[in-house]
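Worksheet: the structure to be examined is printed underneath.
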Amino acid sequence: MRGSGTIDGTLLLLLLFLLAGVAAPAACVLWFMNAAASSQAASARQSVMEAYRGQLRLIRDRVEADWDSRAKELAKQAARGTPEDFARIVAAHSADSVIFLRPDGTPTYPARPKPPMNDPAADRNDWRAAQELEQRHNWQPAIAAYGAIAKSNADASVAARAAQGEIRAVLQTNKSAAVDTILQYFASGRLVNATDLHGRMIAADEHLLAFRLMPTRDPRRATALRRLTGWINDYRSPMPSSQRLFLMNELSSAGVQFPTYDAEKLGAQVLESEPVRAGAGLEAIRVPQLWKLTVKGGQAIVLLRDSTVAASQRSALNEAGSNSGAVFELIPPGMKQPDEAIAAGPMLPGWQIAFTLRDTNSVAEAARRRTTRYIVAGYIVVAAVCITGLLLGQALRRQMRLTRLKTDLVATVSHELKTPLASMRLLVDTLLEDVSPNPLKTREYLQLIAGENLRLTRLIENFLAFSRIERRRQSFEFRETDPLAVVEAAASAVRERFHVETEVEPDLPSIDADEDALVTVLLNLLDNAYKYTPAEKRIILRAYSEASFSLRGTLVPLPTSRAEARRRLKPAPQNSSHVIFSVEDNGIGIASREQKRIFRKFYQVDRRLARETGGCGLGLSIVDYIVRAHGGVVRVQSRPGAGSTFSVAVPFRRQAKGAAA
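If you read the sequence shown in my numbering, its first letter stands for residue 1, the second for the next number, and so on.
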């Protein structure tokens, strides 16, 4: 084992030197190739960059002129500062939202909610009486009082507010009647455009209430929703922005979509986040990713998102880059900027115009052409070195495997030969030291010596057979053979060492086989059954025909009891094609994951040398070789703790011949 470790260490050291000898020149060649390509590519890239930097300045002038023109156009669209202008600018996608201002800078639309105005009906006796009845929950008198004011008052605002009071009172008594009252007053007529003290459109609020009160199947519900949606989308209606946004939020849950919904939300968000003041150029505000642009005169502030600002110049930038190998971009402040960028101009403070190459491979194409020969030569050298190293590595790997195999074989053989020799020497020495030999004891010792001699003989025969197989010198003499003779020969050979039961089907057809080789197969299987069956041993050797045995791997259904075996002992059917020899034991069994490996050369489930069973892992590999030479197949059925059954199928009805393997 010490010599094996030295050999493995030497081979490992050689392998490491081999890897270093392959990696070092390959790395040097790759470094040289990379340096040459990088140098040429950098030179070509520098010249291309200079050309695109000049184009950047032209694009900046074009962007500046475009934004100046855009600001003038927005100033025209926002000249009146009405809600209709708001809807028109948003519908034209000129801005994400807009806030109109009075000369003093106060927002007009969208605007914050107004404080309530003085109530013109507060001093009226009939109004106060109606309010008092409502507060006392005298609903019917309150309904009559509010209804009288709503029908008789010439002021539409007062009449509409009285109608609201009547609706509140009716709602306390009958929801369906409340819906009828709402539609009676506000479906059409002079009260539709009336507003309350906060400037809110009363008809819109009442229609929302009616929509909520109506059952889903009420046919009037769709009409009320359509009428309410029309008022919201009609920017000529007397509806403040706060009420419009509230109604949009409420109806969005019903699946209604509004073209100006996002613009209304954006305007309200800006009004809540900071005081709105006019400025100069495009400026950032507190709302993230949002910018304001004050139009000329300061009567409006246009709100633009990052994406809108970038999209507004996308066509110009795409046009500039369509005829070149670069992509031009408008970069907002705070974003990571490419190396090649310049300021976008006074109209877009903090913004940058940058470009990136569309295809860097085209820039380096000239450099690649100049270095192609070097690269090809370098690849050839690297490939040659790698292939050589791979071949040498495989040779070393095979040598290491062969060396380890030889070392293991020597250790195994030494152990297996030493054990029976030591036993025989001990027995002989004991007999020689005995002055007055006891005949019974002498015979017993001689039987033990004979057993060890037989064990040693079987071991040497296995080694010789393996040697002939490896050198392809093993030959077989096929002749007509009686399966019963094979079974009797194998059973007789082991009967002195252990008991084996035999079950042979009568009238088995003869087979074309080498009888001695088949006996060797059965002896190896019986020896394994004996070695791996502790305690009470029950070993059964069977021979029978089986028409259903498949050479593709179907296992033979073996009998599990003597009764079943007697039932199966009958003449072979005429369509049988194989004779099955099986060895069954009640030993320790074999795990399923090991069953495919046990036929390999030198493979042993128990790899320790100091084991009780002995052997060197050649028996089953010899069995497999002999059976395959006969055109048969060997299979195993086993479970740990439940014993094992090895089955050998040998075909018959074939021409007798002599074969050499």
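Yeah, the Cβ is synthetic: ideal placement off N, Cα and C, and Gly gets one too.
Fully contained in the stretch 618-647 are the following alpha helix (DSSP H) runs of length 4 or more, in chain order: 619-629. Rounded to the nearest whole angstrom, the C-alpha separation of Glu501 and Val487 is 11 Å. Counting only residues of its own chain and dropping the five nearest sequence neighbours on each side, Thr181 has a CB closer than 7 Å to the CB of Glu166, Ile167, Val170.
The C-beta distance from Pro116 to His207 rounds to 22 Å, too long to fall under 8 Å, and the pair is not in contact. Around the beta carbon of Ser492, fewer than 16 other beta carbons sit within 10 angstroms, so the residue counts as exposed. At a Cβ-Cβ threshold of 7 Å, Ser242 and Pro113 count as neighbours. Fewer than three beta-carbon pairs drawn from the stretch 120-129 and the stretch 252-260 are found closer than 8 Å, and the two stretches are therefore not classed as touching.
Straight-line measurement puts the Cα of Asp507 at about 28 Å from the Cα of Tyr625. If you check the CB distance, Phe328 and Glu340 do not come in under 7 Å. If the five residues before and after Phe646 are omitted, its C-beta is found closer than 6 Å to the C-beta atoms of Leu525, Val583, Val636, all from its own chain and listed in chain order. The beta carbons of Leu183 and Arg220 sit about 7 Å from each other, so the pair counts as a contact at 8 Å.
Secondary structure remark: continuous beta strand (DSSP E) runs of at least 3 residues inside the stretch 423-448: none found.
Cβ neighbours of Ala145 within its own chain (closer than 7 Å, five residues either side excluded): Asp126, Ala129, Ala130, Leu133. When the Cα atoms are used, Ala111 and Arg53 turn out to be separated by approximately 46 Å. Residue pairing by DSSP places Lys296 opposite no residue, since no beta bridge is assigned to it. Relative to the Cα of Ala75, the nearest Cα in the group Trp291, His137, Gly297 belongs to Gly297.
With the rule of 3 Cβ pairs closer than 8 Å, the stretch 300-308 counts as touching the stretch 95-111. In its chain, beyond the 5 residues on either side, Ser157, Met201, Ile202, Pro238 have a beta carbon closer than 7 Å to the beta carbon of Thr195. Remark: C-beta atoms of Leu245 and Glu264 approach each other more closely than 7 Å. Residue range 540-545 is occupied by the beta strand (DSSP E) that includes Ile540. Spanning the alpha carbons of Tyr445 and Ala395 requires a straight line of approximately 52 Å. DSSP, reduced to helix, strand and coil, places Thr356 within a strand of the structure shown.
Residue range 97-101 is occupied by the beta strand (DSSP E) that includes Phe100. When rounded, the separation of the alpha-carbon atoms in Ala383 and Leu13 is 24 Å. When secondary structure is reduced to three states using DSSP, Asp516 falls in the helix class. Within the stretch 152-239, the complete alpha helix (DSSP H) segments of 4 residues or longer fall at 156-173, 175-186, 202-213, 219-233, listed in chain order. For Leu348, there is no enclosing beta strand (DSSP E), as DSSP gives it neither H nor E. For Ser582, the three-state secondary structure derived from DSSP is strand. Closest in C-alpha terms to Thr223, from the list Asp234, Phe258, Tyr235, Ala210, comes Ala210. Residue pairing by DSSP places Pro651 opposite His578 in a beta bridge. By the C-beta density criterion, Asn528 is buried, having at least 16 other C-beta atoms within 10 angstroms.
According to DSSP, Arg244 shares a beta bridge with no other residue. Contact annotation, Gly641 with Gly589: C-beta distance approximately 5 Å; criterion of less than 8 Å satisfied.
Here Ala341 is bridged, per DSSP, to Ala354.
Residues of the same chain with a CB within less than 8 Å of the CB of Asn193, apart from the 5 flanking positions on each side, are Ala156, Met201, Ala203, Ser237, Pro238 in chain order. Between Arg542 and Arg443, the alpha-carbon positions lie close to 33 Å from each other.
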